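Each residue of the sequence shown is one higher than the one before, counting from 1 in full-length UniProt numbering.
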Amino acid sequence: MDQIESNLTTTDDEEINKIYKTELFIDLQPTTLNSSELACRCHKCKYSINCDNENEIKFNNRSYHVNCFTCIMCNDNLNNLTNKKFQINNDGEAICTKCERKQANKCFLCQQAILREESIILENKYYHKNCFQCFQCQKSLINEKNFRIHSLKLCCFQCYTEHFAIRCEKCSELISNGITTSYNGKKYHPDCFQCRKCKTNIIDSKFTIHDDQICCIECYNEHFTEKCFQCLKSLSNRESIIFNENTYHLDCFKCEKCNKTINDLKFATYNSQAYCIQCYNENFAVKCYQCLKPISVGKSIVYNENKYHSNCFRCFQCNNILNDSTFYNENSKPCCIKCYNEYFAEKCAQCLKSITIGRSIIFDKKTYHPDCFRCCQCNKIMNDCQCRTENDKPYCIQCYDQYFRPRCSKCSEPIIDQYTMFEGKKFHSNCFICVKCRRIINNKENFYRDQLGILCSNCIL
Numbered sequence: 001m002d003q004i005e006s007n008l009t010t011t012d013d014e015e016i017n018k019i020y021k022t023e024l025f026i027d028l029q030p031t032t033l034n035s036s037e038l039a040c041r042c043h044k045c046k047y048s049i050n051c052d053n054e055n056e057i058k059f060n061n062r063s064y065h066v067n068c069f070t071c072i073m074c075n076d077n078l079n080n081l082t083n084k085k086f087q088i089n090n091d092g093e094a095i096c097t098k099c100e101r102k103q104a105n106k107c108f109l110c111q112q113a114i115l116r117e118e119s120i121i122l123e124n125k126y127y128h129k130n131c132f133q134c135f136q137c138q139k140s141l142i143n144e145k146n147f148r149i150h151s152l153k154l155c156c157f158q159c160y161t162e163h164f165a166i167r168c169e170k171c172s173e174l175i176s177n178g179i180t181t182s183y184n185g186k187k188y189h190p191d192c193f194q195c196r197k198c199k200t201n202i203i204d205s206k207f208t209i210h211d212d213q214i215c216c217i218e219c220y221n222e223h224f225t226e227k228c229f230q231c232l233k234s235l236s237n238r239e240s241i242i243f244n245e246n247t248y249h250l251d252c253f254k255c256e257k258c259n260k261t262i263n264d265l266k267f268a269t270y271n272s273q274a275y276c277i278q279c280y281n282e283n284f285a286v287k288c289y290q291c292l293k294p295i296s297v298g299k300s301i302v303y304n305e306n307k308y309h310s311n312c313f314r315c316f317q318c319n320n321i322l323n324d325s326t327f328y329n330e331n332s333k334p335c336c337i338k339c340y341n342e343y344f345a346e347k348c349a350q351c352l353k354s355i356t357i358g359r360s361i362i363f364d365k366k367t368y369h370p371d372c373f374r375c376c377q378c379n380k381i382m383n384d385c386q387c388r389t390e391n392d393k394p395y396c397i398q399c400y401d402q403y404f405r406p407r408c409s410k411c412s413e414p415i416i417d418q419y420t421m422f423e424g425k426k427f428h429s430n431c432f433i434c435v436k437c438r439r440i441i442n443n444k445e446n447f448y449r450d451q452l453g454i455l456c457s458n459c460i461l
């Protein structure tokens, strides 16, 4: 170590810079140096410094090579800066302004770095002195002991009391002692939490809300609850029944005739009055058209403006109960389908079976099933618009044309459309031609007959 140190001190400045620039750092065992030796060594690299060298940098009673005088954080060289551009950290090392700002605590209010000035710490938050103020009136709170925090913001006691302090919902006065009674998001003085009618304190009592105001159960039942239409007493929480828009206690809802309580809630109405089933049946119920007994409340069947019990509505032929079954009206009497088909339904003119509900075809005043209406010649099923009549019998168009149409005297084919009549014989219009020139003879044209046949007016000349 002494040998190396001697070499460094006797080398000229150019050689020292060369050694420094090549970073000749040797891992040596530490040795004890006297104060004069320390005074001539770089505080950063620990190598010797020529004390007479005019490029030596002195800072905070420490010596540095020019190239060793760097920021302790970012290692940027500070040798071309003035002392005003960098600061001393807690360890006495030089730190540039940029790194000082990065390392510094930020003010909770303005979020700017707190550098050399003193800061105020409150609940682990840092503030500049001039930022430690009421956010409402901007009054400094440094010497204030009685201030508050509202929504994470500092507030003096006066502004807090005026703008943010909790006030009683009833008296609107400040709740200063912090003792409150809360209900439905609203706060009260304990003494102000009382019934709106009787003013009784109800902190330990049951209560309810009416028109957004507190009311004890007794006053609520007496003044605000719905009353029974019969006894005019409060319905409270007892079971009730509504009839004709009026509400009754269950034991107050009674028959208008016998005054008995309608306990099972089964009743009938007559002239807007409630009657028990027994009284209603005896006095007002409609009588069954069949058995003449009252039709109580329940299911009934109306037929021809007459009412029947469900089990009294029967077929007048077989006496079977009809219920909801489909039935027919025969001479204003109900008839089941079976009996109607057997005794009253119209019969098909072809198969002689009953024509029930559904489509049918009427032809020549006779009724047919759709499948029974067939051509009398070829037996093909027809509809009522695809047939012709001959001797009161239906025929399909093809069979009618084939067997019953007049035939042309020339080609013997059926004549369907227009034809020409000559000497009692019928001809297709295009079959009535001149035997000589073979031209069709029109109805309005003159023609003649000779031994060869029919001649047109041109060929006779």
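Where is the CB? At the ideal position from N, CA and C, for every residue including glycine. Given the structure is predicted, the values throughout are model-derived calculations rather than measurements.
Item: Element boundaries [alpha helix (DSSP H), containing N221]; Value: 217 to 223
Item: Where C131 falls: helix, strand or coil (DSSP); Value: helix
Item: Through-space distance from Y127 to E118, alpha-carbon basis; Value: 9 angstroms
Item: Contact set for T174: own chain, Cβ-Cβ below 7 angstroms, skip 5 residues either direction; Value: For the sequence presented, residue 174 should be read as Leu rather than Thr. Answer for L174: T161, A165, R167, listed in chain order.
Item: Residue burial classification, S409 (beta-carbon count within 10 angstroms, cutoff 16); Value: buried
Item: Alpha-carbon spacing of N75 relative to R148, whole angstroms; Value: 44 angstroms
Item: Simplified DSSP assignment, three categories, for K444; Value: coil
Item: CB of N60 within 8 angstroms of CB of I88, strictly; Value: yes
Item: Whole-Å CB distance - residue 473 paired with Y395, under 8 angstroms assumed; Value: This structure leaves residue 473 out entirely; the chain is present only between 1 and 461.
Item: Buried/exposed call for L78, threshold 16 Cβ in 10 Å; Value: buried
Item: Separation of C291 from E245, as counted between CA atoms; Value: 36 angstroms
Item: For R314 and C399, the rounded distance between their alpha carbons; Value: 50 angstroms
Item: Chain-order list of residues whose beta-carbon lies under 7 angstroms from that of C42 (same chain, five-residue window excluded); Value: I49, S63, Y64, H65, C68
Item: Whole-angstrom distance between K347 and C375, CA atom to CA atom; Value: 19 angstroms
Item: Length at least 4, wholly inside the UniProt domain "LIM zinc-binding" (226 to 286): the alpha helix (DSSP H) runs in chain order; Value: 277 to 283
Item: Boundaries of the alpha helix (DSSP H) in which E390 is found, first to last residue; Value: That residue, E390, is in no alpha helix (DSSP H); its beta strand (DSSP E) goes 387 to 390.
Item: DSSP-derived helix/strand/coil call for N310; Value: Here residue 310 turns out to be Ser, not Asn, going by the sequence shown. Helix.
Item: For C396, the first and last residue of its enclosing beta strand (DSSP E); Value: 393 to 396
Item: Range covered by the beta strand (DSSP E) that runs through R148; Value: 147 to 150
Item: CB of T200 within 8 angstroms of CB of C215, strictly; Value: no
Item: Contact belief for C431 with C411 at Cβ below 8 angstroms, rounded distance in angstroms; Value: 5 angstroms
Item: Sub-8 angstroms separation of F267 and C276 beta-carbons; Value: yes
Item: Host alpha helix (DSSP H) of C437 (start-end); Value: From DSSP, C437 is part of no alpha helix (DSSP H); its letter is neither H nor E.
Item: Chain-order list of residues whose beta-carbon lies under 7 angstroms from that of R407 (same chain, five-residue window excluded); Value: E413, P414, I415
Item: CB-CB length for H309 against C288, believed under 8 angstroms; Value: 5 angstroms
Item: Residue from C318, P294, N319, Q317 whose Cα sits closest to the Cα of K307; Value: P294
Item: DSSP three-state assignment for C155, whether helix, strand or coil; Value: strand
Item: Straight-line Cα distance separating S151 from C192; Value: 28 angstroms
Item: Neighbourhood of N83 by C-beta distance below 7 angstroms, restricted to the same chain and skipping five residues each side; Value: Because the pLDDT at N83 is just 44, under 50, the model does not fix this residue reliably, and the point stays unresolved.
Item: Through-space distance from A104 to K98, alpha-carbon basis; Value: 10 angstroms
Item: C156, buried or exposed, once every other Cβ within 10 Å from all chains shown has been counted against 16; Value: buried
Item: Where the beta strand (DSSP E) containing C99 begins and where it ends; Value: No beta strand (DSSP E) holds C99; the alpha helix (DSSP H) holding it covers 97 to 103.
Item: Nearest residue (CA-CA) to C171, options C159, N259, P190; Value: P190
Item: Identified DSSP bridge partners for K186; Value: Y183
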